[in-house]
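Down below is the structure, laid out as structure tokens.
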Amino acid sequence: MNIQSGKVRGSAPRRKQGGSFGSRLAAAFRIAMILALAGGLANAYIFLNQKIAETEREIRTTRSDIHNTDREIDNLRIRREQFCAWPHIRQAIARFDLKLQPADPRQVRKLVIIPPALAPRVSVASRPPGTSGATSVTRWSQR
Amino acid sequence: MLSSNESIKLRMRLMAVVLLPVAVLLGIRLYFVQVVDHDEMYEKARRQYTSVRVTKGKRGEIFDVSGNLLVGNAPCEIISADPSLIKSSQQRRAMAWILARKLEMDEEDVFARLAPERPVRDKDGNPVRNPDGSVKMRKMRDVTIARNVPIELAAELKNIARVNRFRALFFREGYMRTYPKGRLLANVLGFTSVDGANVVAVLGVEKFFDRQMASGAGRERYERDRTGRPLSYGLRESVQSRDGANVYLTIDEPLQAIMEEELDAAYEKWQPKAIYAILADPKTGNVLAIAQRPTFNPNDRRKISPEAWRTRIIEDGLEPGSILKPFTVGGALDLGIIRADSKFDCENGVWMYLGKPLRDSHPYGIMTVADIIKTSSNIGTAKIALEFGADNVYNTLRKFGFGQPTGLPLKPEALGIMPPVKRWDGLSITRFPIGYAILVSPVQMVRAYCALANHGWLPKMRLVDRLEDPETGTVHPIPVEPPVQMFRNPETCRTLVDMMISVTGEGGTARRAAIPGYRVAGKTGTSRKYVKGHGYLTKYFASFVGFVPADDPAFVMLVTVDEPKGGSYGGTVAAPVFRAIAERALKHLHIRPDPTLLPPEKKR
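Here the protein sequences come in this chain order: G and P. Sequential numbering of the first sequence, starting at 742, is according to our numbering. Sequential numbering of the second sequence, starting at 43, is according to our numbering.
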């Protein structure tokens, strides 16, 4: 004997059928809009996530490039210092037969450059045409 | 027979009896997992998808006073392999061939390193055996092939590995300590060694400033994806690594290069056991150059001899000989016990005192104090010391810093031997002032001469000018400490310097130190070497220490030649080296000659 709990299908009160065709269409449209909005949001979410992932990848690549460039710069700095070592310069002078020699101290003049702000002002009347008021003055001094 | 309702009730009860305990058990388990063991479980789960990366900062670098790099960090790569990933024996052979060729290694050695298994060995190095008698083997997963591989070569090898699909090869980034100027200042700079992952400072400034220059490790913890890459939205905690402080020395690289070059020439000419020189600014006590031979190239330390290893200017003590004389004479002048024109009998070259002879290199008769310094008379100086008194001699030498630390950041520092007066014997007062039977370090001697060059003010020696934090750029200067006055009478130093100028003049012992156009003040020293048990040998220290221009010195310099061959006198061996370095140093510093001192044809 098969016994089912619950109400017998036929005994349930029948719901009143929906109204006009227009109202049904409006309901369907509302549902479609909600589904479209949800779909759009999901798409946007996926799209943005994809963009974030791509940007992350690019950041990682750029960071890696910067890191590698930094290491290359470090390496070049060491190489430059090796080339600046006196034994290396001496060899280069000999190799290219440059005939260089250090300056005699009597040939050396100390150049003092006074910044324009501190330089003495020259009056407009005595100034040659085409020159500015503040002049940078160089002084030769001997040590 | 049960009615249908009763049957349903029974079945429901039965199900309840079966399912309820299960549900209760599940609930209890859930409680333990979610509440009691929550932290542990959460941590376990997190460990599955989080990684920790340890980063290392860079060790501080060493520069000269103008910012020229002396010790730096060169980027490099460590090449390692996982032999278990090697597909075949042919691939292993090919890898070994390429790596050996590119890294200049032995091919068989590389091939052996790439073995997937190696025998387990006991403490004595014997292979451990299994119960069945076979050799117990250990699987190799991480084998270091080469360290400190230059980045260009590593890039080439990476390319080869990619093309040949050598998946077993791994490249790890690192930095190696490098000395771009080679042997320049090697003993002072020192070097570091690697012990596992740790950097160990062995010698010199590297060791003294190890704490400041050492880098701090950083730690980054992040959530990762399946491939191990960090998740953009995941947890990320990091402690930044810290770079070590940069050290700026007072050394001037061009002066250092000049000194090293001239020492090389002298080392070749005199073929001594050792030669060393120091150049310092007497006003500030800044050490501008220090060099020694033999030395070593810190980039290639496989062939360092014990002779080259030691930093002689700070670790060695020497009997200075006559270069010590000006201090006793200066002390006696300052107290007014003698004057520059006071006369002493120099006994025609041999003087017996307490039954022991004291000799001069040449026979001299009665001489003034000025001439005693000029001719470097031992007998004259000993007689001055006798008038000065033992306590005064001792106190004067101590005041000039002999037997005391100089302040240079180098270890170990020899303080020398300067026994107190109560331990002197009768002869000590005639031997100590002429630089025998006491030991001083070369740096102590330079410091004492700095006082003579600096109008009687003794500076504290400086080798380090400043420390710099490379991240913030903050500079911590090491201050110049005020000098200490040595003489009570300001005229004493002037008188003493005049005497020392005569040393490089006509009739002086160091005419070869004279530089046209400049007044050079200095003193020669020639001391026989004392060996315990053998007494004084016929081997010598030949020294010259002086400053130029004498009226306003740009620098003080000491040159000492240990056991020169073919000469022994300071005036013959060391003075020309002084002149060679000083002439070039004066040009570098643009110190103009005095036209009145130039020979007529050179005047302009």
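Glycine included, each C-beta is placed from N, C-alpha and C at the ideal position.
query, result
"If you check the beta carbons only, do residue 22(P) and residue 321(P) fall under 8 angstroms apart?", "It is not possible to answer for residue 22(P), since the shown part of chain P is limited to 43 through 646."
"Kindly indicate if chain G contains any beta-carbon less than 8 angstroms away from that of residue 224(P).", "yes"
"Exposed or buried, residue 378(P), counting other C-beta atoms within 10 Å across all chains shown (16 or more means buried)?", "exposed"
"Residue 52(P) to residue 88(P), Cα distance in whole Å?", "47 angstroms"
"Considering only DSSP beta bridges, list what residue 27(P) is partnered with.", "No answer is possible for residue 27(P): it lies beyond the span of chain P, which begins at 43 and ends at 646."
"Helix or strand or just coil, what does DSSP make of residue 827(G)?", "helix"
"To the nearest angstrom, report how far apart residue 520(P) and residue 451(P) are at their CA atoms.", "12 angstroms"
"Could you tell me which uninterrupted beta strand (DSSP E) segments, each at least 3 residues in length, are contained entirely in the region 121-169 of chain P, listed from first to last along the chain?", "159-161"
"So, with DSSP's three-state summary, where would you put residue 394(P)?", "strand"
"If residue 233(P) and residue 340(P) are in contact, beta carbons under 8 angstroms, what's the gap, nearest whole angstrom?", "4 angstroms"
"For residue 841(G), collect the residues of the same chain with a Cβ closer than 8 angstroms to its Cβ; drop the 5 residues on either side in sequence, then sort them by chain order.", "834"
"Closest Cβ-Cβ distance between residue 307(P) and chain G: below 8 angstroms?", "no"
"Apply the 10 Å Cβ neighbour rule to residue 76(P) and answer buried if 16 or more other Cβ atoms are within range, or exposed otherwise.", "exposed"
"Tell me residue 578(P)'s beta-bridge partners as DSSP assigns them.", "572(P)"
"Starting from residue 488(P), follow the alpha helix (DSSP H) in both directions and report where the run begins and ends.", "484-495"
"Here's the rule: buried if 16 or more other CB atoms are within 10 angstroms of the residue's CB, otherwise exposed. What is residue 24(P)?", "Because residue 24(P) is not part of the residues shown, which for chain P are 43 to 646, the question remains open."
"Could you name the residues of the region 615-640 of chain P whose beta carbon sits closer than 9 angstroms to any beta carbon of chain G, in the order they occur along the chain?", "626, 628, 629, 630, 631, 632, 633, 634, 635, 637"
"Output needed in chain order: residues of the region 91-124 of chain P with a Cβ under 8 angstroms from some Cβ in chain G.", "110, 111, 114, 115, 116, 117"
"Does the structure place the region 222-241 of chain P close enough to the region 104-115 of chain P that three or more beta carbon pairs sit under 8 angstroms?", "yes"
"Alpha carbon to alpha carbon, what distance is there between residue 90(P) and residue 126(P)?", "24 angstroms"
"Check whether the Cβ atoms of residue 432(P) and residue 471(P) sit closer than 8 angstroms, and answer yes or no.", "yes"
"Between the region 226-237 of chain P and chain G, which residues of the former have CB atoms less than 9 angstroms from a CB of the latter, in chain order?", "226"
"Please classify residue 497(P): is it buried, with 16 or more other beta-carbons within 10 angstroms of its beta-carbon, or exposed?", "buried"
"According to DSSP, is residue 192(P) helix, strand or coil?", "strand"
"Which class does residue 620(P) belong to by DSSP, given the choice of helix, strand or coil?", "helix"
"At least one CB of chain G closer than 8 angstroms to the CB of residue 293(P): is that the case?", "no"
"Residue 649(P) touches chain G at which residues, Cβ-Cβ below 9 angstroms?", "Any property of residue 649(P) remains undetermined from this structure, which presents chain P solely from 43 to 646."
"Could you pull out every unbroken alpha helix (DSSP H) segment of at least 4 residues lying fully inside the region 279-325 of chain P, listed in chain order?", "295-312"
"Can you tell me the Cα-Cα spacing of residue 235(P) and residue 244(P), whole angstroms?", "7 angstroms"
"Give a yes or no on whether the minimum CB-CB distance between residue 337(P) and chain G is below 8 angstroms.", "no"
"At the level of alpha carbons, what is the spacing between residue 627(P) and residue 239(P)?", "43 angstroms"
"Should the region 350-370 of chain P be called in touch with the region 564-574 of chain P, which here means at least 3 C-beta pairs below 8 angstroms?", "yes"
"Tell me where the alpha helix (DSSP H) around residue 71(P) begins and ends.", "46-73"
"Is the separation between the beta-carbon of residue 102(P) and that of residue 289(P) shorter than 8 angstroms?", "yes"
"For a cutoff of 8 angstroms on Cβ pairs, would you count residue 819(G) as touching chain P?", "yes"
"Which bits of chain P does residue 791(G) rub up against, with CB to CB less than 9 angstroms?", "Going along chain P, no residue has its Cβ under 9 angstroms from residue 791(G), so there is no contact; the nearest lies around 12 angstroms."
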